[in-house]
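S.K.: Just passing along the structure, written as structure tokens.
Numbering (the numbering used here), first residue to last: 71 to 371.
Take a look at the structure:
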């Protein structure tokens, strides 16, 4: 029933607009929401304020939608030539490029209204975050490393969460930023590996193309760095069994991903990309339980 209802919604008159904002594919919301919640929980030393939790959760949904809209606008000449994207609303002619831009700016305005309910530091940081979201899709035209820009964009909510909840951005925020930055490069490279053949055809650049046959070993090394960063965070800020259990689960999940993508099958790479929501969930649960058990945690140390 849920699937049928969902299918009916996305094929309704509102369907093209919802698909433009990628509400039919909520994985992007999850991948952006988990690190945002990491930041909020760490900044608060436990449960954050309900106000900030609502602002940042809604902000994630709105900004992810805005990012999808501007991505489809940027790719409007390429998507009709790629099998996986030919049915996207702009490519299919359901929505015009001008209408998409209007939706993008409306979403940015909604996000700005949300951030106005925080503090001055968070508002200033949000301006840079909006710039990252608006420019990311254009980087794949002239660099093989647009995933670095996406990594910064998807990680920027972490220092913003600290600014809103704690009124400052301590070193811990940047440790989390670094771990999430590299993790984003990992899963977006997996996504790009699934699209590599089409991207080469239309001239889109990515880390998957830049890494070539070294892609799997490089991802393995990056996974090791992310795991090490989480271990350092635990040793320095939250030396609790629950945190290290979560990190161990992340490490094991990374090994499963490497096994799945070893033959570089596009379907396997895409499934591996989708499975990254477990990484975000493991770390979130590890943080929640550890912060609840800790009697010595300090945001600044």
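For every residue, glycine included, the Cβ atom is placed at its ideal position computed from N, Cα and C. For clarity, every value in this text was computed on a predicted model and none was experimentally measured.
1. Give, in chain order, every unbroken run of the alpha helix (DSSP H) that is at least 4 residues long and sits entirely within the region 190-254.
2. With burial defined as no fewer than 16 other Cβ atoms inside 10 Å of the residue's Cβ, what is the status of residue 101: buried or exposed?
3. How big is the Cα-Cα spacing for residue 159 and residue 148?
4. Unbroken alpha helix (DSSP H) runs of length 4 or more, entirely within the region 89-159: which are they?
5. Using a Cβ distance threshold of 8 Å, determine whether the region 122-135 contacts the region 262-278, with at least three qualifying pairs required.
6. Pick out whichever of 117, 126 and 143 has its Cα sitting closest to the Cα of residue 185.
7. Whole angstroms is fine: what's the gap from residue 353's alpha carbon to residue 301's?
8. According to DSSP, is residue 322 part of a helix, a strand, or is it coil?
9. Distance check for residue 196 and residue 316, CA to CA, integer angstroms please.
10. How many angstroms separate the CA atom of residue 113 from the CA atom of residue 121?
11. Considering Cα atoms alone, identify which of 94, 171 and 332 is closest to residue 287.
12. Between the Cα of residue 170 and the Cα atoms of 340, 232, 150 and 91, which residue gives the shortest distance?
13. With the cut-off set at 8 Å, would you say residue 144 and residue 208 are in Cβ contact?
14. Quick check on DSSP: helix, strand or coil for residue 343?
15. Measuring CA to CA, which of 234, 175 and 216 is closest to residue 124?
16. Taking the alpha carbon of residue 103 as the reference point, which residue from 298, 254 and 211 has its own alpha carbon closest?
17. Measuring CA to CA, which of 108, 347 and 96 is closest to residue 227?
M.R.: Once the coordinates are examined:
1. For secondary structure counted as the alpha helix (DSSP H) over 4 or more consecutive residues, the region 190-254 holds these complete runs in sequence order: 190-209, 216-225 and 227-236.
2. Burial call: buried.
3. Answer to the nearest angstrom: the Cα atoms are 13 Å apart.
4. Runs found: 97-114 and 120-144.
5. At 8 Å Cβ cutoff, the stretches do not touch.
6. Looking only at 117, 126 and 143, the smallest Cα-Cα distance to residue 185 is reached by 126.
7. About 11 Å.
8. In this structure, residue 322 counts as helix in the three-state DSSP scheme.
9. The alpha-carbon atoms of residue 316 and residue 196 are separated by roughly 30 Å.
10. Using only the alpha carbons, I get a separation of about 14 Å.
11. When 94, 171 and 332 are compared, the shortest CA-CA separation from residue 287 is found for 332.
12. Cα-wise, what sits closest to residue 170 is 91.
13. Yes; because the gap between Cβ atoms is below 8 Å, this pair is in contact.
14. For residue 343, the secondary structure class from DSSP, reduced to helix, strand or coil, is helix.
15. The residue with the shortest Cα to Cα distance from residue 124 is 234.
16. Taking residue 103 as reference, the option from 298, 254 and 211 with the minimal CA-CA separation is 254.
17. For the residues 108, 347 and 96, the minimum Cα distance to residue 227 belongs to 108.
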